[in-house]
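Following full-length UniProt numbering, the numbering of the sequence shown begins with 1 at its first residue and continues without gaps.
Right, one structure below, let's go through it.
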Amino acid sequence: MILGIETSCDETAAALVGGDGTVLSSIVASQASLHARYGGVVPEVASRRHLELIGPVIREALETAGAGLDDVDRVAVTRGPGLVGALLVGLSAAKALAWARRLPLVPVDHLHGHVASLYLGDAQVEPPFVCLLASGGHTLLLDVGERGSFRRLGSTLDDAAGEAFDKGARLLGLGYPGGAEIDRLAREGDPEAYTFPVARVAGLDFSFSGLKTALLYAVRGLDADELERRRADLAASYQRAIVRALAGRLREAAARSRAGRIAVVGGVAANSELRGALPDAAFAPLALCTDNAAMIASAARYADPIPYPDYLALDAYASAA
Ligand code: ATP
Ligand code: MG
Ligand code: FE
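Below, the structure is given as structure tokens:
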């Protein structure tokens, strides 16, 4: 049994996963409402909240799985990329637990964790496949040849797709985080009401900053009443542009690859229009798209554990290696 711990951003999460990828428990304490009034994650506030939540969240993960620390064979934890102060809370907790029990520790890269959300539960995906990772901080196309490794085919030149959702939501006066809000509101709007440009970038890269500016100009031309009336149309059209860019590039990458199969992971993989636009793609289960610790434990099944007690000096890292 693997105990996974994730604290890279504003979710405090712990999970227990069996060696076969069965999710025995996955507890996620979101701090979203705490950060909502600032319109984004405040690093110092996040670290302090992680510190308050990490103990209770780990305890709840064990209780839900009907397990004790004696049942844990290794501890997996996100080492980066993310907010360093936030990461250090999870990393320190993981080290302390592993050290106290003389267990091995597996440091996990958060992006590998997102990909490994496909290796959980009953519908496990087998490589090779081309994977779109679209989240709050990253938008990547990955060539996944085997579990535990990937090659980068393309990435965003500016904003991440989730960031585009969040910034768009802000312009529309919706709450934070904005992806789920736009998703919900878009269902009431006409996705063809506005034509927002999808940047054509060379190769397999993405760009979302122009789209955000286009929305800014569209919103700027409206008074409060008009914005109220057009909000759903704007949300639907904006979402359509992001989904077109993501789905289009993923198909291009797949056409160039020998893999054939396609998959989507990360918070934006929860988007209902994206899921509908790619009926042939493998998606992570909805609850495991946004940050969670089950995906971290999952990735740990395909990484080398560091034996007791060699991991005590391990440090967190802020940006992708
Ligand atoms: P990273 O993984 O890059 O470090 P992160 O961990 O903050 O970033 P995730 O938790 O994987 O990101 O995803 C959060 C992002 O997903 C947010 O930007 C949020 O708006 C977006 N998101 C969540 N649900 C939806 C949805 N239904 N539609 C579109 N976007 C969504
Ligand atoms: Mg989050
Ligand atoms: Fe993430």
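From the three backbone atoms N, C-alpha and C, an ideal C-beta is built for every residue, glycine too.
Computed from a prediction, not measured in an experiment: that's the story for all the values here.
Contact set for residue i: own chain, Cβ-Cβ below 6 angstroms, skip 5 residues either direction
i	result
Asp159	Phe208, Ser209
Leu53	Thr12, Ala29
Ile58	Ala14
His112	Ala299
Leu88	Ala316
Delimiting residues of the alpha helix (DSSP H) encompassing residue i
i	result
Asp183	178–186
Ser298	294–300
Outcome for residue i when other beta-carbon atoms lying within 10 angstroms are tallied against a minimum of 16
i	result
Thr78	buried
Ala313	exposed
Ser319	exposed
Leu83	buried
Ser33	exposed
Asp109	buried
residue 322	Shown here, the chain extends from 1 to 321; a query on residue 322 therefore has no answer.
Glu188	exposed
Leu286	exposed
Ala316	buried
Arg249	buried
Pro305	buried
Gly221	exposed
Thr195	exposed
Asp233	buried
Glu163	buried
Gln124	exposed
Gly55	exposed
Leu24	buried
Ala202	exposed
Asp291	buried
Test: residue i CB closer than 8 angstroms to a CB of chain D
i	result
Arg102	Considering every chain present, this structure includes no chain D. It has just one protein chain.
Beta-carbon proximity list for residue i, same chain, < 8 angstroms, skipping 5 on both sides
i	result
Leu103	Val72, Asp73, Arg74, Val75, Leu97, Tyr308
Gly175	Ala36, Ala169, Glu181
Ser155	His138, Thr139, Leu140, Leu141, Asp205, Phe206
Gly40	Asp166, Tyr176
Ala282	Leu118, Ala123, Val125, Phe129, Arg261, Ile262, Ala263, Val264
Same chain, Cβ closer than 7 angstroms to residue i, neighbours up to 5 away in sequence not counted
i	result
Pro127	Val144, Gly145, Glu146, Arg147
Glu252	Leu204
Leu216	Leu171
Terminal residues of the beta strand (DSSP E) in which residue i lies
i	result
Glu163	Taken as a continuous stretch (DSSP letters only), Glu163 belongs to no beta strand (DSSP E), being part of the alpha helix (DSSP H) at 161–171.
Glu146	139–146
Gly154	149–155
Phe129	129–134
Q) Is the number of C-beta pairs between the stretch 115–124 and the stretch 293–308 that are closer than 8 angstroms three or more? A) Contact between the stretch 115–124 and the stretch 293–308 is present, because at least three Cβ pairs lie under 8 angstroms.
Q: Only counting runs of 3 or more residues, tell me where the beta strand (DSSP E) segments fall wholly within the stretch 3–56, in order along the chain.
A: With a minimum length of 3 residues, the continuous beta strand (DSSP E) runs that stay inside the stretch 3–56 are 11–17, 23–30.
Q.
What ranges does the beta strand (DSSP E) occupy inside the stretch 201–287, keeping only unbroken runs of at least 3 residues that lie completely in it?
A. Considered as a whole, the stretch 201–287 harbours 262–265 as its complete beta strand (DSSP E) runs of no fewer than 3 residues, in chain order.
Q.
Threshold first: 3 residues or longer. Then list the beta strand (DSSP E) segments lying entirely within the stretch 59–109, N to C.
A. Runs of the beta strand (DSSP E) lying entirely within the stretch 59–109 and spanning at least 3 residues, in chain order: 74–80, 105–109.
(Q) Check whether the stretch 270–287 and the stretch 233–253 touch, using three or more Cβ-Cβ pairs below 8 angstroms as the test. (A) Contact holds: three or more Cβ-Cβ distances are below 8 angstroms.
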